[in-house]
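A.B. asks: Chains as they are written, first to last, in my numbering: chain A, 1 to 425; chain B, 426 to 678. One structure is given below, represented as structure tokens, and several questions about it will come after.
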Amino acid sequence: MFKLKATIIKDIRILLRDKVGISLMFVMPIILVVVVTSIQNSTFQLVNKNRLSILINNSDTGQASKQLVKAIDKIGMFRVSQVKGPQTEKSITEIMHQRDAMLGVIIPANFSARVSAKSKNIAGKALTSFGLQGDTVKKVYDVDPLTLYYNPILQESIRLSVKGAVGSALQLVESRETLRSLYFSINEKQLPESLENEMLNNKTAINEIAVSKDGTRITPNATQHNVPAWTIFAMFFIIMSLGGSVVREKVSGSFIRLKTLPTNYMVGLLSKQIVYLLVTILQAAVIFSMGIWLFPFFGLPALNLPSDLLALVIVTIICGWCAVSYAICVGVFADTQEQANGFGAVSIVILASIGGLMVPSFAMQGFFKSAADISPMHWCLQAYYTLFLEGGKLKDVVNNIIPLFIITLVFQFVTFIGLKRKNLI
Amino acid sequence: MAVSTPLAIDIENIGFKYPGNSVVSFSKLNLQIAKGERFGLFGPNGAGKTTLISLMTGLLSVDEGHIKLLGQEVGKHNNAVNKLFGFVPQDFSFYQELSPVENLQFFGAWSGLDKQTIKQRSDELLDILGLDEVRNKPVDKFSGGMKRRVNLAIGVIHKPEIIFLDEPTVGVDVQTRHAIIAYLLELNKGGTTLIYTSHQLSEAEDLCKQVALIDNGKIIAQDSLDKLMADHKQESLEQMFLNLTGKDIRNDV
Chain A
1 MFKLKATIIK DIRILLRDKV GISLMFVMPI ILVVVVTSIQ NSTFQLVNKN RLSILINNSD
61 TGQASKQLVK AIDKIGMFRV SQVKGPQTEK SITEIMHQRD AMLGVIIPAN FSARVSAKSK
121 NIAGKALTSF GLQGDTVKKV YDVDPLTLYY NPILQESIRL SVKGAVGSAL QLVESRETLR
181 SLYFSINEKQ LPESLENEML NNKTAINEIA VSKDGTRITP NATQHNVPAW TIFAMFFIIM
241 SLGGSVVREK VSGSFIRLKT LPTNYMVGLL SKQIVYLLVT ILQAAVIFSM GIWLFPFFGL
301 PALNLPSDLL ALVIVTIICG WCAVSYAICV GVFADTQEQA NGFGAVSIVI LASIGGLMVP
361 SFAMQGFFKS AADISPMHWC LQAYYTLFLE GGKLKDVVNN IIPLFIITLV FQFVTFIGLK
421 RKNLI
Chain B
426 MAVSTPLAID IENIGFKYPG NSVVSFSKLN LQIAKGERFG LFGPNGAGKT TLISLMTGLL
486 SVDEGHIKLL GQEVGKHNNA VNKLFGFVPQ DFSFYQELSP VENLQFFGAW SGLDKQTIKQ
546 RSDELLDILG LDEVRNKPVD KFSGGMKRRV NLAIGVIHKP EIIFLDEPTV GVDVQTRHAI
606 IAYLLELNKG GTTLIYTSHQ LSEAEDLCKQ VALIDNGKII AQDSLDKLMA DHKQESLEQM
666 FLNLTGKDIR NDV
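Here it is in structure tokens:
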């Protein structure tokens with residue numbers, strides 16, 4: 001026990017004197033968490049505060065096109081600015097670049113006339129099918145399509161929601177015209193505005209409720225999503241310090257002496273596991289504390305800790321232990337610090353990618369969906385999300401902890417084999 | 426050569442070849458070193474000095490034959506044997522980020538000492554080796570000579586019965602060399618067996634009672650220093666060394 005204590009003290013002293021290593025383990029992940037959460041927070045608030053800028057060139061002079069512009073503005077997702085005069089594809093894209101607009105729409109010159117004709121035709125058909133006599137337009141033209149221009153940096157999911165929103169606005173305008181035509185054909189007078197509004201705008205509301213396991217109504221936000229995810233990344237980032245430390249000790253002269261002393265090198269590795277496990281727990285504590293107390297100062301939502309704190313501590317310890325085991329495993333097999341750092345950095349990015357830190361696992365297809373199961377970060381993330389987003393308890397994360405524990409034991413076993421093969425124990 | 430006193434080291438018919446290397450390093454090598462001896466192992470680059478020390482300290486394993494330290498068979502990770510000796514490697518074998526006293530605390534614990542003994546031995550060694558004033562400063566700021574003394578202090582902290590010294594004075598100034606040799610002689614007076622390798626043949630005359638010349642994995646001469654020079658009719662060890670091993674420059678790969 002005294003040997004282990006002396007080794008832990010030695011490792012802590014070396015760690016505290018490695019300023020670069022400490023900054024890699026604490027400062028970098030903190031910056032990462034703040035930056036990624038801020039960016040993600042902007043996306044989360046896209047439909048609320050940060051509206052997408054859209055340029056509308058209305059070449060039409062009729063009422064329908066004006067109603068369309070109004071309807072698009074009313075969606076609340078866009079910051080609308082209009083461009084006068086006839087525009088071509090080339091000119092509107094130039095203006096989009098000049099004004100930093102993400103989107104552009106050209107409403108064709110005959111838009112209102114075509115919508116009106118189409119509506120009258122549909123109303124006439126409807127009356128005929130009711131057994132009434134209705135006006136019909138002899139020749140009906142299809143409404144020319146609206147053209148939506150977009151900046152390629154927009155993600156597909158955002159583009160699809162933009163298309164859906166503009167489509168809804170268009171549907172509203174066409175429905176209004178059809179309704180007016182129908183009413184006029186029957187009553188030979190204008191549809192009263194109050195009735196029109198009631199018929200078109202009195203939609204059934206959709207309530208959105210986040211489903212949590214403990215019955216609490218946790219509203220998902222960028223902080224609840226990103227802080228746990230990037231805390232896991234920070235824990236695994238310890239490979240940059242720990243993997244290098246194991247290699248440095250192996251290739252340094254001190255290791256020659258260690259091998260001739262009456263103490264098994266396993267004591268050295270056990271000490272590293274304890275010290276760096278404490279570091280990972282400290283990392284999590286620092287990042288969570290930042291999420292709770294500092295994020296509001298950056299204009300970000302504050303982090304809500306899960307109700308089951310014991311489960312949070314257990315999951316954090318096992319995640320940290322897994323990260324430390326992986327780092328030591330890489331350190332044992334690497335022959336140089338460059339190998340450990342290079343492989344370590346690339347491998348944790350890959351594990352994070354397939355583990356769902358960068359793209360949600362549920363959005364992955366085929367092979368990658370299955371591959372997520374072998375990434376320890378996937379199980380860490382699932383456990384954290386169960387606690388942070390779903391309000392889960394310890395019993396709810398057992399299914400995540402078990403595979404994580406098994407992966408950790410595999411890392412430990414592979415490390416043991418490596419130590420034996422390299423004659424280090 | 427017959428040795429009447431108890432043996433510190435008994436090497437019997439050992440054979441060794443580095444894995445993947447076709448050249449045999451040692452074949453049927455025998456060497457006995459008496460307890461309390463000051464034994465110098467000399468030879469040109471690549472002669473096998475460091476390999477032989479690595480075999481004696483258990484860093485490498487013999488392919489055949491036996492090596493015993495104070496009657497106990499040497500093997501890899503053999504804690505009972507590892508307690509018997511101290512090793513002062515040619516490279517600086519400690520943590521440069523730590524101070525001398527912090528290094529001694531750690532290596533003392535790994536050598537099996539308790540806290541009290543470590544403190545007592547650290548104080549003694551730092552005083553004897555002139556490191557007391559810098560005991561709490563990180564070693565990476567030290568000169569080469571100071572680092573050599575730290576290297577030595579760590580190797581002897583547990584008062585081993587046998588000390589292996591692989592070029593312990595390489596790259597140090599005259600004062601440091603003098604201090605190191607004086608301390609080693611002091612240890613030997615207390616009964617510690619010294620096994621020493623160096624290129625500094627002049628040091629053999631200061632430190633060694635017995636000398637072995639090793640070349641191409643074979644011991645080509647072994648006796649007391651005076652007797653060796655008398656037998657080979659040479660006035661200096663260096664001249665005798667050149668006569669026995671030739672003047673060709675060797676590469677140690």
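We put the beta carbon where it would ideally sit given N, CA and C, even for glycine.
#1: Give the DSSP-derived three-state secondary structure of residue 287 of chain A in the structure shown.
#2: In its own chain, which residues sit with a C-beta less than 6 Å from the C-beta of residue 426 of chain A, not counting the 5 before and 5 after it?
#3: Let me see if you follow: with CB-CB separation under 8 Å, is residue 530 of chain B close to chain A or not?
#4: Might you give, ordered along the chain, the residues of its own chain that have their beta carbon closer than 7 Å to the beta carbon of residue 337 of chain A, omitting 5 neighbours on each side?
#5: Could you tell me which chain B residues have their CB closer than 8 Å to the CB of residue 260 of chain A, listed as they occur along the chain?
#6: Could you tell me the boundaries of the beta strand (DSSP E) in which residue 569 of chain B lies?
#7: Beta-carbon within less than 7 Å of residue 408 of chain B's beta-carbon, same chain only, minus the 5 sequence neighbours each way: which residues are those?
#8: Just the chain A side, please: which residues come within less than 8 Å of residue 539 of chain B by C-beta, in chain order?
#9: I want to verify the contact list: residues of chain A whose CB lies under 8 Å from the CB of residue 561 of chain B, in sequence order.
#10: Keeping to the same chain, check which residues put their C-beta closer than 7 Å to that of residue 274 of chain A; ignore five residues upstream and five downstream.
#11: Could you check whether the Cβ of residue 47 of chain A sits closer than 8 Å to any Cβ belonging to chain B?
#12: Could I get the ranges of all uninterrupted alpha helix (DSSP H) runs contained in the segment 538 to 564 of chain B, with 4 residues as the minimum, in chain order?
#13: Taking three-plus beta-carbon pairs below 8 Å as touching, is the segment 87 to 106 of chain A in contact with the segment 121 to 134 of chain A?
#14: Measuring only the C-alpha atoms, how far is residue 510 of chain B from residue 620 of chain B?
#15: Are the C-beta atoms of residue 526 of chain B and some chain A residue less than 8 Å apart?
#16: Using a C-beta to C-beta distance shorter than 9 Å, which residues of chain A count as neighbours of residue 696 of chain B?
#17: Do residue 113 of chain A and residue 62 of chain A come within 8 Å of each other at the CB atom, strictly closer than that value?
#18: When the cut-off is 8 Å and only beta carbons count, does residue 417 of chain A lie next to chain B?
#19: For residue 382 of chain A, which residues from the same chain have a beta carbon less than 7 Å from its beta carbon, with the 5 sequence-adjacent residues on both sides left out?
#20: Pick out the complete alpha helix (DSSP H) segments inside the segment 608 to 660 of chain B, 4 residues or longer, and give them in chain order.
#21: DSSP puts residue 441 of chain B in a beta bridge; with which residues?
#22: Got a sec, what are the start and stop residues for the beta strand (DSSP E) residue 423 of chain A sits in?
#23: How many angstroms separate the CA atom of residue 666 of chain B from the CA atom of residue 464 of chain B?
#24: Nearest-angstrom Cα distance between residue 353 of chain A and residue 153 of chain A?
#25: Can you tell me which of the three DSSP states residue 47 of chain A falls into?
#26: With three or more beta-carbon pairs closer than 8 Å as the criterion, would you say the segment 515 to 526 of chain B touches the segment 569 to 582 of chain B?
#27: Skipping 5 residues on each side, what residues in its chain have a beta carbon closer than 6 Å to that of residue 47 of chain A?
#28: Please state the DSSP three-state secondary structure of residue 264 of chain A.
#29: Pop quiz: residue 573 of chain B and residue 542 of chain B are said to be a contact at Cβ under 8 Å. What is the actual Cβ separation, rounded to whole angstroms?
#30: Round the Cβ separation of residue 227 of chain A and residue 287 of chain A to the nearest angstrom and send it over; I've been treating them as touching at under 8 Å.
#31: Decide if residue 190 of chain A is buried, meaning its Cβ has at least 16 other Cβ atoms within 10 Å, or exposed.
#32: Measuring only the C-alpha atoms, how far is residue 84 of chain A from residue 171 of chain A?
#33: If you check the beta carbons only, do residue 283 of chain A and residue 25 of chain A fall under 8 Å apart?
#34: Alpha carbon to alpha carbon, what distance is there between residue 294 of chain A and residue 37 of chain A?
#35: Determine, using beta carbons only, whether residue 501 of chain B and residue 435 of chain B come nearer to each other than 8 Å.
#36: For residue 18 of chain A, name the three-state secondary structure that DSSP assigns.
C.D. replies: On the basis of the coordinates in this document:
#1: Reduced to three states, the DSSP call for residue 287 of chain A is helix.
#2: Outside the modelled stretch of chain A, which goes from 1 to 425, sits residue 426 of chain A, for which no answer is possible.
#3: For residue 530 of chain B, the answer is yes, since a Cβ of chain A falls inside 8 Å of its Cβ.
#4: Excluding five sequence positions before and after residue 337 of chain A, the CB atoms of its chain that fall closer than 7 Å to its own CB belong to 244, 247 and 248, given in chain order.
#5: For residue 260 of chain A, the residues of chain B that pass the 8 Å Cβ criterion are 482, 483, 484, 507, 510 and 512, in the order they occur in the chain.
#6: Looking at the DSSP string, residue 569 of chain B is not in any beta strand (DSSP E); the run it does join, the alpha helix (DSSP H), is 569 to 581.
#7: Past the boundaries of the shown model lies residue 408 of chain B; chain B is included only from 426 to 678, so the question cannot be answered.
#8: The contacting residues are 2.
#9: Listed along the chain, the chain A residues whose CB falls inside 8 Å of the CB of residue 561 of chain B amount to none; the nearest CB is some 12 Å away.
#10: Here the set comprises 8.
#11: Note on residue 47 of chain A: pLDDT 49, under 50, position unreliable in the model; the coordinate value appears next. No, because no Cβ of chain B sits closer than 8 Å to the Cβ of residue 47 of chain A.
#12: 540 to 553, all fully within the segment 538 to 564 of chain B.
#13: Too few Cβ pairs lie closer than 8 Å, so no.
#14: Taking the Cα positions, residue 510 of chain B is about 10 Å away from residue 620 of chain B.
#15: Under the Cβ criterion of 8 Å, residue 526 of chain B is not counted among the residues facing chain A.
#16: There is simply no residue 696 of chain B to check, as chain B begins at 426 and stops at 678 in what is shown.
#17: In this structure, residue 62 of chain A lies near residue 113 of chain A, with their beta-carbon atoms less than 8 Å apart.
#18: No, residue 417 of chain A lies away from the interface with chain B (no Cβ there is under 8 Å from its Cβ).
#19: Excluding residues within five positions, the ones whose Cβ falls inside 7 Å are 400.
#20: The segment 608 to 660 of chain B is shown to contain whole alpha helix (DSSP H) runs of 4 or more residues at 626 to 632 and 650 to 656, in chain order.
#21: Residue pairing by DSSP places residue 441 of chain B opposite B/451 in a beta bridge.
#22: No beta strand (DSSP E) contains residue 423 of chain A, which DSSP labels as neither H nor E.
#23: The alpha-carbon atoms of residue 666 of chain B and residue 464 of chain B are separated by roughly 16 Å.
#24: CA-to-CA, the gap between residue 353 of chain A and residue 153 of chain A works out to about 20 Å.
#25: Caution is warranted here: a pLDDT of 49 is assigned to residue 47 of chain A, below 50, making its placement in the model unreliable, and the coordinate value is therefore given only provisionally. Coil at residue 47 of chain A, not helix or strand.
#26: Taking one beta carbon from each stretch, the segment 515 to 526 of chain B and the segment 569 to 582 of chain B have 3 or more pairs nearer than 8 Å; the two touch.
#27: Summary for residue 47 of chain A: the model assigns pLDDT 49, below 50, so the residue's position carries little reliability, and this model does not support an answer.
#28: Here residue 264 of chain A carries a coil assignment [DSSP, helix/strand/coil].
#29: Here residue 573 of chain B is actually not in contact with residue 542 of chain B; their C-beta atoms are around 24 Å apart, not less than 8 Å.
#30: The beta-carbon separation of residue 227 of chain A and residue 287 of chain A, rounded to 6 Å, stays under the 8 Å limit for a contact.
#31: Exposed, since its Cβ has fewer than 16 Cβ neighbours within 10 Å.
#32: Here the C-alpha atom of residue 84 of chain A lies approximately 24 Å from the C-alpha atom of residue 171 of chain A.
#33: Contact flag set, yes.
#34: Their Cα atoms are separated by approximately 13 Å.
#35: Taking 8 Å as the cut-off, the Cβ atoms of residue 501 of chain B and residue 435 of chain B do not count as close.
#36: Residue state, collapsed to three classes: coil.
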